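Undergrad: Input: one structure, supplied below.
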């Protein structure tokens, strides 16, 4: 299970979120059982849409697991 710091996303710049998620996905690229998820119960309501979209973009840019 992935280790995205959900509560930390509210304070994270979109570029940092993209880089963090991209690095995590690259590290686990060969693990077909890997699931990207928040390491906490929730993502704060005040997390900017731009940051959430950066996380989505990192996932989309990573593509499918080989």
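In my numbering, the protein residues as written are 738 to 803.
Every residue, glycine too, gets a C-beta built ideally from N, C-alpha and C.
A quick note: this is a predicted structure, and the numbers were derived from the prediction, not measured.
With distance defined between alpha-carbon atoms, name the residue in 743, 761 and 785 nearest to residue 796.
TA: Here residue 796 refers to the residue found at position 59 of the chain shown. The shortest C-alpha separation from residue 796 is found at 761.
Undergrad: Whole angstroms are fine: how far does the CA of residue 770 sit from the CA of residue 752?
TA: For the purposes of this step, residue 752 is taken as residue 15 along the chain shown, with counting starting at 1. For the purposes of this step, residue 770 is taken as residue 33 along the chain shown, with counting starting at 1. C-alpha separation (whole angstroms): 27 Å.
Undergrad: Does residue 778 pass the burial test, meaning 16 or more other C-beta atoms within 10 Å, or should it be called exposed?
TA: Taking the chain shown and counting its residues from 1, one reaches residue 778 at position 41. Residue 778 is exposed by the Cβ-count criterion.
Undergrad: Near residue 754, what residues of its chain come up, given a Cβ to Cβ distance below 7 Å and the 5 sequence neighbours on each side ignored?
TA: Indexing the chain shown from 1 puts residue 754 at position 17. So the qualifying residues of the chain are 746, 788, 791 and 792.
Undergrad: Let me make sure I understand the geometry here. Which of 742, 759, 743 and 750 has the alpha-carbon closest to that of residue 794?
TA: Looking up residue 794 in the chain shown gives position 57. Looking at the Cα atoms, 759 is the closest of the given residues.
Undergrad: Tell me whether residue 772 is buried or exposed, calling it buried when 16 or more other Cβ atoms sit within 10 Å of its Cβ.
TA: To locate residue 772, count along the chain shown from 1; it is residue 35. By the neighbour-count rule (16 or more Cβ atoms within 10 Å), residue 772 is not buried but exposed.
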